[in-house]
Structure formats: structure tokens, C-alpha cells
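Notes follow once the structure below has been shown.
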Amino acid sequence: MTDTAAEPVLSTAGREPDLLPMGRADAVVFAVGDAERAARRYAGALGLRCTAYAGPETGEPETVSYVLNAPGTRFVITSLVQVIGPRGRELAWHLARHGDGVLDLAVTVPDVYYAFDYAVDRGARALAEPYETGDRYGTVVLAAIGVPGGTRHTLVDRSRYRGPYLPGFVPFERW
Numbered sequence: 001m002t003d004t005a006a007e008p009v010l011s012t013a014g015r016e017p018d019l020l021p022m023g024r025a026d027a028v029v030f031a032v033g034d035a036e037r038a039a040r041r042y043a044g045a046l047g048l049r050c051t052a053y054a055g056p057e058t059g060e061p062e063t064v065s066y067v068l069n070a071p072g073t074r075f076v077i078t079s080l081v082q083v084i085g086p087r088g089r090e091l092a093w094h095l096a097r098h099g100d101g102v103l104d105l106a107v108t109v110p111d112v113y114y115a116f117d118y119a120v121d122r123g124a125r126a127l128a129e130p131y132e133t134g135d136r137y138g139t140v141v142l143a144a145i146g147v148p149g150g151t152r153h154t155l156v157d158r159s160r161y162r163g164p165y166l167p168g169f170v171p172f173e174r175w
């Protein structure tokens, strides 16, 4: 017995493509209980190099973060120092609810403003509207969206930035 029913053909004439122009993954950000210990462990086990750091000494009083790199890979290992504002509350809530794990998947996009509007228009939850931040290394454009399942996605355009990771991070030279 054969099925003679044809599958429907969907026309895309007159519709914009359902593709968001993106580059590559920018970073996977992990929330952990002890960032230094986790960063040392990942660096040793996976052969990653610690290239940047942010924490109280660099003007970030709520968190400590280490950036680990290998060709084509960037992990950011972050832990809570103290809860002062929204960033500390978000991290504390995530760690209390989920324990150690992925906090954010950052994605490089050519135009953060367009990508943010595109995603929100299609159902993503707006977490942080596009904004620019900078330091002596240049300017980065960032925005954040939430998708079903609770994962945060940061949209990143670092085309005008030459620093070690993001503003507020300094080159890491210990270990």
C-alpha cells in the first residue's frame, strides 16, 4: 500500500528569511562556587590558557571571573564574591537554583541592535537592551535575551574592541 498524499509545499515568497545573521560562539560563561579553583582545573585538564581576569581588584566587587582560551574556544568561569546589585543577585539565584553550570551562551553577531530586535520580535525575552560599554581598548556592543529553558544569550559585537575580553577585564599573567 502506498501513500499518495503529497506533503504541503510552503511558499516563502514575500517573507523575510527566518535566519538570524550570526558569527560564531563568543563564550560559554559558567557560574561556579569557586572560580579560581575551577579555572585552574579546566586550564590543566583541557589545556586552556587563562588570558583575562575581572574581580574586586579591577572594579567588579560582586564577582570574580577568569577567561580561558584555546583556538576557537572561550570559557569564562565566574563566581560570586558578594551580593550588592542585580549582577550579584542573578548569580546567587542561579547558583542556588542550579548549582555549578552554564549561565550564559554569548554569540557574536554583526549588528547587536538588529539581532536583539529580530530575536525579541520572534518571542525571545528581552533581558538587557543593546548598550555600548568601553575602556581604553575600545567599545563593545552587548544585549541579552532569554529563550525557553531559561538560558541567557548575550549578543556581542566586539568589532571595535581589542582588549583581553570585555571592558573591566585585565590581562591575566599569573599561574
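Reading the sequence shown from the start, the letters are residues 1 to 175 in full-length UniProt numbering. By construction, the Cβ of each residue, glycine as well, lies at the ideal position given by its N, Cα and C atoms.
Nearest to residue i (by Cα), restricted to the options the options
| i | options | result |
| --- | --- | --- |
| residue 140 | 84, 149, 160 | 160 |
| residue 124 | 132, 143, 64 | 143 |
| residue 71 | 94, 97, 47 | 47 |
| residue 77 | 55, 146, 61 | 55 |
| residue 59 | 167, 94, 101 | 167 |
| residue 131 | 117, 88, 163 | 117 |
| residue 111 | 129, 102, 99, 98 | 129 |
| residue 138 | 158, 120, 127 | 158 |
Collapsed DSSP secondary structure at residue i in the structure displayed
| i | result |
| --- | --- |
| residue 111 | coil |
| residue 160 | strand |
| residue 148 | coil |
| residue 165 | coil |
| residue 86 | helix |
Neighbour flag for residue i against chain B, beta carbons, 9 Å
| i | result |
| --- | --- |
| residue 71 | Going by chain labels, chain B is absent from the structure shown, which holds only one protein chain. |
Cβ neighbour criterion (16 or more within 10 Å) applied to residue i
| i | result |
| --- | --- |
| residue 26 | buried |
| residue 41 | exposed |
Cβ-Cβ separation, residue j to residue i (assumed contact under 8 Å), whole Å
| i | j | result |
| --- | --- | --- |
| residue 170 | residue 52 | 7 Å |
| residue 73 | residue 106 | With 8 Å as the limit, residue 73 and residue 106 do not qualify as a contact, their Cβ atoms being about 12 Å apart. |
| residue 29 | residue 108 | The Cβ separation is near 14 Å, so there is no contact. |
| residue 95 | residue 33 | 7 Å |
| residue 62 | residue 84 | 5 Å |
Any non-hydrogen atom of the ligand COA closer than 8 Å to residue i Cβ
| i | result |
| --- | --- |
| residue 31 | The ligand COA is not part of the structure shown, which contains no ligands of any sort. |
Q.
Restricting to runs no shorter than 3 residues, where is the beta strand (DSSP E) found entirely within the stretch 24 to 57?
A. 25 to 31, 49 to 54
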